[in-house]
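Q: Protein chains in written order, with our numbering: chain A, -8 to 359; chain B, -8 to 359; chain C, -8 to 359; chain D, -8 to 359; chain E, -8 to 359.
Virtual Cβ for every residue (Gly too), placed ideally from N, Cα, C.
From a predicted model like this one, the values you see are computed outputs, not experimental measurements.
Quick one: this structure, given as structure tokens, is what I'll be asking you about.
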Amino acid sequence: MNNDIDTIFKKPRRGSQHRSKPGTAPGTLVVHPDLASQPVKVSVIAFSEAELFENTINNLDELAPLLEKYPATWVNICGLGDIDLLSKLTTMFNLNSLAMEDVVNVHQRPKVEEYDDIFFAVAYEPELIKNELDMQQISMFWGKKFVLTFQEHASDCFVPLVTRIKHGGKRTRLLQTEYLAYAVLDTIIDNFFPVIDAYGTHLDDIEEDAIDNASTVVISKIHAFKHNLHLLRRAAWDQREAMASFRELAVASDSDLRFFIRDCEDHTIQIIDILESYRERTSGLMDIYLSSVNNRTNRIMKVLTIVASTFMPIGVIAGIYGMNFDRASPWNLPELSWKYGYEYFWCLALLVASSMLITFWRKGWFKH
Amino acid sequence: MNNDIDTIFKKPRRGSQHRSKPGTAPGTLVVHPDLASQPVKVSVIAFSEAELFENTINNLDELAPLLEKYPATWVNICGLGDIDLLSKLTTMFNLNSLAMEDVVNVHQRPKVEEYDDIFFAVAYEPELIKNELDMQQISMFWGKKFVLTFQEHASDCFVPLVTRIKHGGKRTRLLQTEYLAYAVLDTIIDNFFPVIDAYGTHLDDIEEDAIDNASTVVISKIHAFKHNLHLLRRAAWDQREAMASFRELAVASDSDLRFFIRDCEDHTIQIIDILESYRERTSGLMDIYLSSVNNRTNRIMKVLTIVASTFMPIGVIAGIYGMNFDRASPWNLPELSWKYGYEYFWCLALLVASSMLITFWRKGWFKH
Amino acid sequence: MNNDIDTIFKKPRRGSQHRSKPGTAPGTLVVHPDLASQPVKVSVIAFSEAELFENTINNLDELAPLLEKYPATWVNICGLGDIDLLSKLTTMFNLNSLAMEDVVNVHQRPKVEEYDDIFFAVAYEPELIKNELDMQQISMFWGKKFVLTFQEHASDCFVPLVTRIKHGGKRTRLLQTEYLAYAVLDTIIDNFFPVIDAYGTHLDDIEEDAIDNASTVVISKIHAFKHNLHLLRRAAWDQREAMASFRELAVASDSDLRFFIRDCEDHTIQIIDILESYRERTSGLMDIYLSSVNNRTNRIMKVLTIVASTFMPIGVIAGIYGMNFDRASPWNLPELSWKYGYEYFWCLALLVASSMLITFWRKGWFKH
Amino acid sequence: MNNDIDTIFKKPRRGSQHRSKPGTAPGTLVVHPDLASQPVKVSVIAFSEAELFENTINNLDELAPLLEKYPATWVNICGLGDIDLLSKLTTMFNLNSLAMEDVVNVHQRPKVEEYDDIFFAVAYEPELIKNELDMQQISMFWGKKFVLTFQEHASDCFVPLVTRIKHGGKRTRLLQTEYLAYAVLDTIIDNFFPVIDAYGTHLDDIEEDAIDNASTVVISKIHAFKHNLHLLRRAAWDQREAMASFRELAVASDSDLRFFIRDCEDHTIQIIDILESYRERTSGLMDIYLSSVNNRTNRIMKVLTIVASTFMPIGVIAGIYGMNFDRASPWNLPELSWKYGYEYFWCLALLVASSMLITFWRKGWFKH
Amino acid sequence: MNNDIDTIFKKPRRGSQHRSKPGTAPGTLVVHPDLASQPVKVSVIAFSEAELFENTINNLDELAPLLEKYPATWVNICGLGDIDLLSKLTTMFNLNSLAMEDVVNVHQRPKVEEYDDIFFAVAYEPELIKNELDMQQISMFWGKKFVLTFQEHASDCFVPLVTRIKHGGKRTRLLQTEYLAYAVLDTIIDNFFPVIDAYGTHLDDIEEDAIDNASTVVISKIHAFKHNLHLLRRAAWDQREAMASFRELAVASDSDLRFFIRDCEDHTIQIIDILESYRERTSGLMDIYLSSVNNRTNRIMKVLTIVASTFMPIGVIAGIYGMNFDRASPWNLPELSWKYGYEYFWCLALLVASSMLITFWRKGWFKH
């Protein structure tokens, strides 16, 4: 299990920044080869207060009758690889071409914008896929009768919302597209919490590592954590601003929706608060790690000093009694002639060694 | 006693972030299992200028006659586990369901909000329980005739306020619910001071430790202190903003109340000032610790160098006189044949050793 | 003299934060036991353009006739221990009870506030008492005909102002209480400069210490300096804001006073500028100290390495010629039989040692 | 290839800050000798919806008929060395002399300004020339019928734009000079992306180096990277502000152009976001490097300690059995007389050495 | 030459902060003894479009006729020591006494203020005198017909401006005093560029030193550089604000002057940009230095470890063959009896030493 959590720290793969070449005319749709190869899935939920239609469609022409019949139709496009489909949608719903370019060139900033009567939102849905942070751009258009959402790849994030619409969610069905757009954004924002919790647990582990372990892996962990934190924070701050724009744009709507949006904004603030407190905890981690490393240096030095200071004097004494001074003179090395000379040597050696050790013990070098 | 203070630095248990699953409809009350198991206690104080009623009640129906009779009724709910009771209150006092959700999902930001004619406030009451920082969310609703407060768990923080209402507190009884709401918030904010004082004493200790001791425990202490400081600071900053909103919302009230709120805001600013000065002191602590550690490395190195430099030359001299050059030649090791050769050796050895020691002493290595 | 300056760095005694218990009704005057024991001295200066009265009084009743007779009366209360006197003043001059509470609970923020027609100001007067920074809270009320100032303890800061009023200061006498209030604040702010100068000299010393000495005392000095700097900066920033409020409140007054206040604001900005430049210089000091410590480690290591590298090879050579290989074989240790074997050994030893030393000298290890 | 990328980190040559001497009258055109020696090339594209003229001209008089005939004329001056040509242009198009001075004194800040009916813009086009960052100032004037661009030296950045105008770009031809000015700025801003991508790859390399290698070259790399990042960030921030001014100045234009400018602003924000995330990653790199260095110190110390602790005791034992105590006494060095004394010695030596090694192995010193 | 640049880093002498004692009445002119001893020089340039008068005067009475005759008179007072002269000027031109006090109490912040119809400006002119940064306060008053400038000491900064007025500068002569005031400020600001360039070259040197040299002098250099940078930055920021106030105050003037002032503001922004980029480069220097120092520690440790690890084993082997085990037993030290025992020893020793060296070489310890 620890291994699983360890891998959370992986830095996300460098997003293939799908971007048209400098000098291309603005508003040109160019699909990046990576995305082009992925399958595209279009699912539709259309509903009125009484009825509900839900299905996957293959041909956009199936949409026209639904838009006619139901007051609210939600089309979710999963995969951005089909350029024809996107162009068709642009024409069908009269979408702005610059906004459509933003849908395809993922890595946009979260935002809520208005183009005439159609609103456009970009948000990021964080997910931990195999313990690697994946920030998926979700783009959304909504007008009077429709909501269009675009996902980079399949994910389960909309499942609970779909269930809510199908079973019971009266409010959702009544308040129609604007409320539905809010619900989509709210769901995306709520998806931050489990990811943040996982990172919180991971941070606890790193903190313990930094204080106790001081292995080189900790540096990489801290660095990767900081990077992921930065990504989440940036997304959260921008999402907050996006919600604020949404609330302002929704100013004409009924006040209940505004209360809901304010509540959702509060959630983004809470997310930011938690992430800021992570950041504050992380900021000191390198210092902690550094002092752990220095503490280890200290400990190694102590071992060396203790060993050297204990054996060196004994070695010197032994060397002295190995000297070849002429024993003819009684003044030269008289100890060598003593009957208990060897025992005397050992006493001397142990005395010196133990006095050294006692000195170090008094200095507290054996404590930690 | 020192041990008691030492444990102040404990990081607070990671708050069980009671939160409904992503995708849940907003405004749904879900009680976290941890809270559900706790007993719930409802106490009531109802008063007019002349009369006062105080009791613990088991049935919310007992409230209706009190609300009729008295101009001001304060209901304090201690424990958030009883979902039925909370729903009943929501209906009885016509509370907003999103605000009620905030009461249950503790870890909200401090704030003062208005929902139609009912005001909603969230605040944090810090307490040191067994030297561990506990930040309890206290939520409050107030309307024309009632004040509702919600505590996560029992605490003594309202005792002095209740006493003030019972004995003498004329102003409290006259100015009714809005003043009562102010008094509750004021009491909560005043509770920061003793906690801050305890942390101030703790910080003094850590500073001394960082300069003198440099044991590894200091790192953990500093880190935990920083974290607790961050929690307190965040709460204080948000509380300050909340008081500012309160003052603005109270703009219609009499000016005396506004003076009181401004005074209370001043207290939050003072709290923030003290916490900022702690932060400023803390910010340099890791550097201090680091240089203490490096200073210790220096001292260890000095011991090693002194020992090595003193004994090595003697060892070398002893080694030289232990060589087996052929004594037939008078040019080979003539010292060995001297009558006082051994004494000469000792003089040489002591000379070398003492000249080394004097050099180091001159360099000031024995000073510290 | 150096010793005197050294002690400037002392951290101020932790202010006995006189504060009523949480839950006390706002506006209650509680005097801290420390203050209660100090003697209280009330001095009065009353003056018109023509006449001047100056004395110390024991009974507040002596004030009434002065207030009648003179257009401007300045009462300076030195010591905050006499609760009765303070209550009497509150009633006599119709002071706000919350403001009066701020007078007694020292450690308020500097501010200028208006309560109906009476103004209230809090400011800090820094002083170096026995080289320890003392920030005394000075509170002031002023109305149409009176100025009341409250000092925590006796100090000389108002002496030059009193002299100015007595001798010559026509402007002071003409412009009356508002100008007098300005003059009091201006005097307090001008008192920052000598203190700041003393700290500037102290900072120069610390900088030299950090680069050259690198003794452990430097850490404490830097830390204490930072703390004192923080106290001064906070006071200066708040004082600046207070002066700005003053200028705005004085908007009805004649423009000359506004020029004077702006000039005084300029002084606070200058103080802040100087303090910020100190802060900027301080911010790098710990880094400097750290690298000094590391440089010393380097030097110690060099000594060890030079000693070890010089003596070890000689020791090894000596050890080799101390071996007991059977001299029967001419291939074993032939050097031992040479006539000038011992001389040869010394040449070898000195060659090795000097080549080592030359290597290190070339590396520049002997330079610093 | 790695070598190529390595050289990206080069700091840009210190821009020859062409600047007139202090005290020169403002608006004086002085060409720096470096620039004066470069050849100047003037290319013209003039077009209406139907027709298009493109050529390089040698004489400015050729411009007059083109300005008459075509609604939009774009003159691109490549090289700033010809003072006469610049003066002629100033008179011909009635350009502001202060703005013209900014064209020649390169290293201006990016900006968009209005002088009467003529607009003036400064922008920076980043390019990697031989892996060295080159920030070329591009200045632009535009009026109702003309666009003038000034480049410091030749570059390919306008090639795709020219192609767009020639082939198909209806919008460009219709919307005339203001749209053309936008297109020029948009092209310049889009040129940031490939440069940023190259630096992103470089940063990945540096991060790995800092963690693993810890060679001294890494410091220079990090430092140079930071510097280049700073240059790019400053240019990007200023460019963003310039686009905002442009949008405001273009307020009278049709809303489509405003949408385009907003889109371009969004691109600058994205550039800033990426650069800020680089900065955030860079900020921790020196810490990482420092702890890598300290970790290496640890490893070196461990080697020394292991070697010393293993051999020293054996040496001491050998020294002991090399002592010359008088063997007459049976108490002196009895081991020397044992039959298997030498074998006993080896057992003792290996025991001591292996117990040392096992101790260190247990401490985990052999792991990394 | 390098030596000259090295001395640039000198910290400026602590400005003798000429300041009247706390409690002095505001507006009192007190000249600092240092300044009083300096000679005072008064030069006058008076001009109309047609005529020009330039001279040094000794008596202020000579001014009256000039003011009568010429529409614009510029009086430059060099030296602030003559209190009588200053008082006379105050009366003569009706200057504000608080502003006059600012002229004498140098170390004011740069600012542009209006006193009735007379404007007052403070600016700083940086100069490198013997490679030491000198920030001279230049104060200026201007009214309808006169410009007064005050310099602390003589400098050449106004020479080119005077030349411009004398020869040709029509604009200067036409636009009169307000333009002249602008020209003075513009000249002062342009004087920043050569100083900044010198510091830029110096910073390049320091960067190289920090990476390569790591001698202790580098710390002092970095610290002094930071300090000077701070002084320049503060002055530049304040000067920018001053220019902004100037532009606002000049709002009534013709738009050309406003263009010029905006251009001059742009220059201050450029100065700030360059200084900020220096700051950014400086901020990482201590880290670089620190890691250089640590890298050197590493290298020293490597030398020690290599020496110790190479010689210690040989020493131990030599010690072993120096043992005195009883050779009677064939099991004791049989190597000693071998014919080629000594050669065998050398082989063993070289094998051990070279295997050690190869190990370290493989670890890359010999590379740097």
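(1) Going along the chain, which unbroken runs of the alpha helix (DSSP H) with 4 or more residues stay wholly within the stretch 119 to 187 of chain D?
(2) For residue 149 of chain D, tell me which candidate among A/12, A/125, A/263 and A/61 has the shortest Cα-Cα distance.
(3) Residues in the same chain with beta-carbon distance under 6 angstroms from residue 200 of chain E, minus the five sequence neighbours each way, listed in chain order, please.
(4) Quick one: which chain A residues come within Cβ less than 7 angstroms of residue 221 of chain B?
(5) On the premise that residue 240 of chain B lies in contact with residue 103 of chain B, defined as a C-beta separation below 8 angstroms, what is that separation, rounded to the nearest angstrom?
(6) What three-state label does DSSP hand residue 80 of chain A in the structure shown?
(7) Checking contacts by CB at 9 angstroms: is residue 259 of chain A closer than that to chain B?
(8) Just to make sure I have the definition right: I need the residues of chain B whose C-beta is within less than 7 angstroms of the C-beta of residue 218 of chain C. Which are they?
(9) Can you pull out the residues from the stretch 288 to 322 of chain B whose beta carbon lies closer than 8 angstroms to at least one beta carbon of chain A?
(10) So is residue 362 of chain D in contact with chain E if we call contact Cβ pairs under 9 angstroms?
(11) Using a cut-off of 8 angstroms between C-beta atoms, extract the partners of residue 182 of chain B located in chain C.
(12) Pull up the CB-CB distance for residue 129 of chain C and residue 180 of chain C, whole angstroms please, since I reckon it's below 8 angstroms.
(13) How many angstroms separate the CA atom of residue 264 of chain A from the CA atom of residue 190 of chain B?
(14) Would you call the stretch 247 to 261 of chain A in contact with the stretch 312 to 322 of chain A, where contact means no fewer than 3 C-beta pairs closer than 8 angstroms?
(15) What number of angstroms, rounded off, separates the C-alpha of residue 346 of chain C from the C-alpha of residue 287 of chain B?
(16) For residue 101 of chain D versus residue 114 of chain D, is the C-beta spacing smaller than 9 angstroms?
(17) State yes or no: is the beta carbon of residue 185 of chain D nearer than 9 angstroms to at least one beta carbon in chain A?
(18) Should residue 256 of chain C be labelled buried (16 or more other beta-carbon atoms within 10 Å of its own) or exposed?
(19) So which residues on chain D does residue 286 of chain E lean against when the C-beta distance must stay under 7 angstroms?
(20) Go ahead and label residue 358 of chain D buried or exposed: buried means 16 or more other beta carbons lie within 10 angstroms of its beta carbon, across all protein chains shown.
(21) Would you list, in sequence order, the uninterrupted alpha helix (DSSP H) runs of no fewer than 4 residues that lie entirely inside the stretch 16 to 100 of chain C?
(22) So, helix, strand or coil for residue 330 of chain C, using DSSP?
(23) Hey, quick one: how far does the alpha helix (DSSP H) through residue 217 of chain E stretch, first residue to last?
(24) Quick one: what's got a C-beta closer than 7 angstroms to residue 7 of chain C's C-beta in the same chain, skipping five residues either side?
(25) So what's residue 345 of chain A in DSSP terms, helix, strand or just coil?
(26) Using the beta-carbon count (16 or more within 10 Å), is residue 355 of chain C buried or exposed?
(27) Which of the three DSSP states, helix, strand or coil, is assigned to residue 358 of chain E?
(28) Does residue 341 of chain A pass the burial test, meaning 16 or more other C-beta atoms within 10 Å, or should it be called exposed?
(29) Between the stretch 167 to 187 of chain C and the stretch 45 to 58 of chain C, can you find at least three pairs of beta-carbon atoms closer than 8 angstroms?
(30) Within 9 angstroms of any Cβ in chain C, is that where the Cβ of residue 125 of chain B sits?
(31) Taking residue 106 of chain C as part of the alpha helix (DSSP H), name the residues at either end of that continuous run.
(32) Report the three-state DSSP secondary structure of residue 114 of chain E (helix, strand or coil).
(33) Within the continuous alpha helix (DSSP H) that includes residue 314 of chain B, where are the two ends?
A: In terms of the structure at hand:
(1) 150 to 157 and 161 to 181
(2) A/12
(3) 209
(4) Neighbours of residue 221 of chain B on chain A, chain order: 268 and 271.
(5) 6 angstroms
(6) helix
(7) No, its Cβ sits nowhere closer than 9 angstroms to a Cβ of chain B.
(8) 272
(9) Within the stretch 288 to 322 of chain B, the residues whose Cβ lies closer than 8 angstroms to some Cβ of chain A are 288, 291, 292, 294, 295, 298, 299, 302, 303, 305, 306, 309, 310, 312, 313, 314 and 315, listed in chain order.
(10) Because chain D here runs from -8 to 359, residue 362 of chain D falls outside it and cannot be looked at.
(11) Near residue 182 of chain B (Cβ distances below 8 angstroms), the residues of chain C are 13.
(12) Rounded, the Cβ-Cβ distance is 11 angstroms, inconsistent with contact.
(13) 23 angstroms
(14) no
(15) 33 angstroms
(16) yes
(17) yes
(18) buried
(19) 207 and 284
(20) Residue burial is scored here from C-beta neighbours: residue 358 of chain D has fewer than 16 other C-beta atoms within 10 angstroms and is therefore classed as exposed.
(21) 24 to 27, 54 to 60, 74 to 84 and 88 to 95
(22) coil
(23) 208 to 240
(24) Here the model assigns residue 7 of chain C a pLDDT of 43, short of 50, so the residue's position is not dependable and the matter cannot be decided.
(25) DSSP places residue 345 of chain A in helix when its eight states are reduced to three.
(26) exposed
(27) coil
(28) exposed
(29) No, they do not touch.
(30) no
(31) Taken as a continuous stretch (DSSP letters only), residue 106 of chain C belongs to no alpha helix (DSSP H), being part of the beta strand (DSSP E) at 102 to 106.
(32) Secondary structure of residue 114 of chain E (DSSP, three-state): strand.
(33) Counting along the chain, residue 314 of chain B falls outside any alpha helix (DSSP H), and DSSP gives it neither H nor E.
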